[in-house]
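Numbering-wise (this note's numbering), the sequence shown opens with residue 3 and increments by one. In what follows, a structure is listed as structure tokens, so that the remarks can point back to it.
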Amino acid sequence: MHLKPRTAFSRPPGSYEVNVLITISRTIKAINDSSAVEVVEQCLERIENSTYNAIIKVTRDEAIKATRKLNGGPLAGVPIAIKDNISTKGMETTCGSRILSGYVPPYDAHVIERLKAAGAIIVGKANMDEFAMGTSTETSYYGPTLNPWDPECVPGGSSGGSAATVAAGEVPLALGSDTGGSVRCPASYCGVVGLKPTYGVISRYGLISYANSLEQIGPIASNVEDMTLLFNVIAGHDPRDSTSLPGEKNYTKALVNDVKGLKIGVPKEYFGEGTDPAVERSVWEAVHTLESLGASWKEVEMPHTKYALAAYYVIAMSEASSNLARFDGMRYGLRLEKDHDWHTTYSEIRAAGFGEEVKRRILLGTYALSAGYMDKYYLKALKVRTLVKQDFERALKDNDVLIAPTMPAPAFKLGEKISDPLTLYLADVNTVPINLAGVPSISLPCGFSDGLPIGLQIMGRHFDEETIIRTAYTFEQNTDFHTREVA
């Protein structure tokens, strides 16, 4: 694919440009009510004319109405796309599933409340793997999202629509959710920036659950600065979420171009046999770039990484089995034309409403939790989770950050792996350990292979998002990968 410089939209004194809408950081404070309407309308036009299937529900009327009522805020007038598993009052929210078709939440998620208070404009709901179960956004009831860098390839998942719409320049910001890499995977495949924060830093209130102990809402943008601006708005305590942590921070203070004295650990287990040579080369070049800027590095061992993938899927599927039991079509969502006795009606609705991957994970999770097998699978997976967490604690005791590939290879072709679930699951090998440990991790572009982006993953200590943001920002300021866009 032809690469060309990425251009920011800007509004110099006395003029206004709306031809290219990519970044927000230079103009976010300058947007006034009238120019914001132009920006939002341009965004909506791009989405409505898009061929990527990244946005599955366009909220044109609501967006224009909200823009005309702007009353300031740190994101005043900035368009944003919301993953379809985050509750938005008055806007259909389906988790990419037929079983929730027609469901309109009567309340906003905590992050949506914060976005609205900050003046952000929701322009649509982003496509996703059904109930966030997938690595390619191919399991969506609304059809697959295409990768803007190569429409024959997947955008990653499960937040594929969120990453693809940012990569395509349709919106400058998006929200995703990350249960086992669902923000970082599509960020890597689509060449954008995505953050999985420390568990508890962003409230999960209003996030429709897949696996409660693993998932976090995460910001997506085309560069580290914009991602941090969004993160700064949505992070913070929420008393309605029992896992939400107290305290507020100003994460924009971490946007410093300096890594002098930074200690980097490079876990060798994240460069396994399945790692594409171009990915390995690009990640090591990124490490050496940071080294040239004053950081130091050393290899570290994380021996339980090889067990993380199996433990993750046992835990995630078990939690999904419990969480998805509530979807029965009795109170909201899909209802078939003819009812029978409650048991038959319940079974028919779930059979018709859930896709194959969701059914597979519910069945496997139910099996893992069943009598006689819970100790053998689920409890053993929890013990492995503790060992993985301890690996991170040891590795980060003497290192400020860990660096590895986000994904073992660039984006694969649509249809290439969807019929082989085990192969698809293996793609998550470098992202799921972070969710098991609950530590923060960011993905940003660090190279290209045959025109497809390669993601660099920077992991940090619990509650130390500032250091991984500073590391990512410094790398970005001294390279040009984030300045490239699809032709």
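The beta-carbon is built from N, C-alpha and C at its ideal position, and this holds for glycine as well.
- Residue 286 sits in a helix when the DSSP states are folded into three classes.
- Taking one beta carbon from each stretch, the region 112-122 and the region 68-83 have 3 or more pairs nearer than 8 Å; the two touch.
- Assignment of residue 303 by DSSP, reduced to helix, strand and coil, places it in the coil class.
- In the DSSP assignment, residue 424 falls within the unbroken alpha helix (DSSP H) covering 423-428.
- The way I'd put it, the region 201-210 does touch the region 96-112; three or more beta-carbon pairs between them come closer than 8 Å.
- For residue 50, same chain residues with a beta-carbon under 7 Å away, outside a window of 5 residues either side, are 60 in chain order.
- Looking at the DSSP output, residue 406 sits in a beta bridge with 459.
- Counting along the chain, residue 450 sits inside the beta strand (DSSP E) bounded by residues 443-451.
- Closest in C-alpha terms to residue 37, from the list 71, 58, 52, 56, comes 71.
- Secondary structure note for residue 364: it is in no beta strand (DSSP E), and the uninterrupted alpha helix (DSSP H) holding it is 358-371.
- Scanning 167, 441, 151, 158 for the CA closest to the CA of residue 45 turns up 167.
- Residue 447 is positioned such that its CB atom lies no closer than 7 Å to that of residue 159.
- A straight-line Cα-Cα distance of about 8 Å links residue 368 and residue 324.
- For residue 382, the enclosing alpha helix (DSSP H) has its first and last residue at 382-397.
- Per DSSP, the continuous alpha helix (DSSP H) segment holding residue 354 begins and ends at 344-355.
- For residue 165, the enclosing alpha helix (DSSP H) starts and ends at 162-169.
- The shortest CA-to-CA distance from residue 82 to any of 242, 449, 385, 228 is the one to 228.
- For residue 102, there is no enclosing alpha helix (DSSP H), as DSSP marks it with neither H nor E.
- Under the DSSP assignment, residue 268 falls in the beta strand (DSSP E) whose first and last residues are 265-269.
- Cβ contact annotation for residue 293 (same chain, cutoff 7 Å, sequence separation greater than five): 299, in chain order.
- Around the CB of residue 186, 16 or more other CB atoms lie within 10 Å, so the residue is classed as buried.
- In the DSSP assignment, residue 438 falls outside any beta strand (DSSP E) and lies within the alpha helix (DSSP H) extending over 434-439.
- By the CB criterion at 7 Å, residue 134 and residue 212 fall inside the cutoff.
- Residue 139 is bridged by DSSP to nothing; it lacks a bridge partner.
- Between the region 421-434 and the region 170-177 there are fewer than three inter-stretch CB-CB distances shorter than 8 Å, so the stretches are not counted as touching.
- The C-beta distance from residue 416 to residue 146 rounds to 6 Å, short enough to fall under 8 Å.
- Shown here, residue 221 sits in a strand according to DSSP, grouped into three states.
- Three or more beta-carbon pairs separated by less than 8 Å link the region 93-103 to the region 324-343, which places the two stretches in contact.
- Residue range 81-85 is occupied by the beta strand (DSSP E) that includes residue 85, with no alpha helix (DSSP H) assigned at that position.
- Judged by pairs of C-beta atoms under 8 Å, the region 447-465 does not touch the region 224-244, as fewer than three such pairs exist.
- Distance from the CA of residue 401 to the CA of residue 182, rounded to the nearest whole angstrom, comes to 23 Å.
- Excluding the 5 residues flanking it on each side, residue 267 has same chain C-beta neighbours closer than 8 Å at 299, 300, 301, 302, 397, 398, 400, 401, 403, 404, 405, in chain order.
- Burial check for residue 69: the Cβ neighbour count within 10 Å reaches 16 or more, so the residue is buried.
- Across the structure, residue 377 and residue 306 are spaced so that their CA atoms are roughly 20 Å apart.
- Residue 86 counts as buried, since no fewer than 16 other beta carbons sit within 10 angstroms of its beta carbon.
- By the neighbour-count criterion, in which 16 or more other beta carbons inside 10 Å mark a residue as buried, residue 375 falls on the exposed side.
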